[in-house]
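In the numbering used here, the protein residues as written are 1350 to 1683.
Where a beta carbon is used, it is the ideal one built from N, C-alpha and C, also for glycine.
This one's a predicted model, so the numbers in the text were calculated from it and none came from an experiment.
Inspection log for the structure reproduced underneath, given as structure tokens.
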Amino acid sequence: MKKYIILFSVTFLILAVISMSGYMLSGTAASVDVMTVKPRDMDNIITSGGKLQYRSGRAVKAEYAGIMDELHVKNGSEVKKGDPLFSYYKIDDAYTALISEYSGIKDAESLLSAAAKYGNSSDIINEIKKYCQIVQINSPGDGKVTDLSLKQDDIFTKNTTVLKLSEEQSMEIPLNINEAYIGSISKGQKADIVFNADRTKHYSAEVSDISDEATVTSGLTGKETTVEIKLRLDKNDDTLRAGYSAECTIVTSTDKSVIVLPYELIRSDDEGDYVFTAEGNIARKTPVVTGKEYKDGIEIKQGLSENDTVITGSSDLYDGQKLEINERTVQSDA
């Protein structure tokens, strides 16, 4: 009997030690960092990628159908206002009226089509040159020649764009914006630009142009309907080169005084989303209702107020746990 009493006493002592140890462990303070919540102004953004180019200047067109006579420039040529660009043989109404008497051809476009389809084209070109007047086209302004693809003796139709003059002093980035988001884009909106060539630098730009037409483009997720916009850099930089890849962030609007937390602070269970706040030196499980997503976090619509203290530096917490607070910070404005 004495043996059983001793065994019972030892067992009770062991259980008491275990119970006391558990109680002591449950009272152990968790080492955490905390942050005081402050409402912030948050930007709504659209991000897209594009290529840097010289600002698209004016298109230089041939007013009449014709045959290229002489090119005074090439792609990349820098010109001043009044400099000669090209000359061409003008196929005007008088000439087409003349040949229509014996050929049945009624306009310049039909003549050019026939030249491409029948006979020796050089003979037709030389025949046209005998009777057509040469027109000289000079530069309408300063710029750099781009998009020139014609060469001597090439034939072209009325109002063909022969070349473009880009303004080298100004650079821009064309972007294709999905039709679902184009409604939030307007001229004058600011954008932040980072180039892959040097991701430590940020450049400022603004929306300078929005196309009147939508087009179907191919992307990573297949075909989509997009609208082209252009971002014009506020300042040039001699280190930038046309063709550089750019990551563009357009600020479409700003929401005022929003409580926002980093995504990693939001936890979830069967009851919904929650965060841990510090009530003095005690952890409290605080239910929250989340809202709009931003680049740097998510909106807290309900559950937190200004100056609440959110625990940031611990993952293993429970409601009512004692806290040892290491560092206190105040959430800075966005």
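- Selection 1612, 1638 and 1401 evaluated against residue 1622 yields 1638 as nearest (Cα-Cα).
- If you look at residue 1390, you'll find it in the beta strand (DSSP E) that goes 1389-1400.
- By the Cβ-count criterion, residue 1679 is exposed, with fewer than 16 other Cβ atoms from all chains shown falling within 10 Å of its own Cβ.
- Classified as exposed, residue 1667 has fewer than 16 neighbouring CB atoms from the shown chains inside 10 Å of its CB.
- Nearest to residue 1521 by C-alpha distance, out of 1431, 1406, 1496 and 1624, is 1406.
- Each residue's CA atom was taken as its position, placing residue 1439 and residue 1507 some 10 Å apart.
- In the three-state DSSP reduction, residue 1642 falls in the strand class (E or B).
- Residue 1576 sits away from residue 1624, with the two beta carbons spaced by 8 Å or more.
- Using a Cβ distance threshold of 8 Å, residue 1495 and residue 1540 do not count as a contacting pair.
- One thing to note: residue 1501 has its Cβ no nearer than 8 Å to the Cβ of residue 1391.
- Counting every other CB atom within 10 Å of its CB across the protein chains shown gives residue 1397 a total of 16 or more, marking it as buried.
- Within a 10 Å sphere around the beta-carbon of residue 1609 sit 16 or more other beta-carbons, which makes this residue buried.
- Excluding the 5 residues flanking it on each side, residue 1641 has same chain C-beta neighbours closer than 7 Å at 1648, in chain order.
- Proximity to residue 1395 across 1529, 1432, 1492 and 1616 peaks at 1529, based on C-alpha coordinates.
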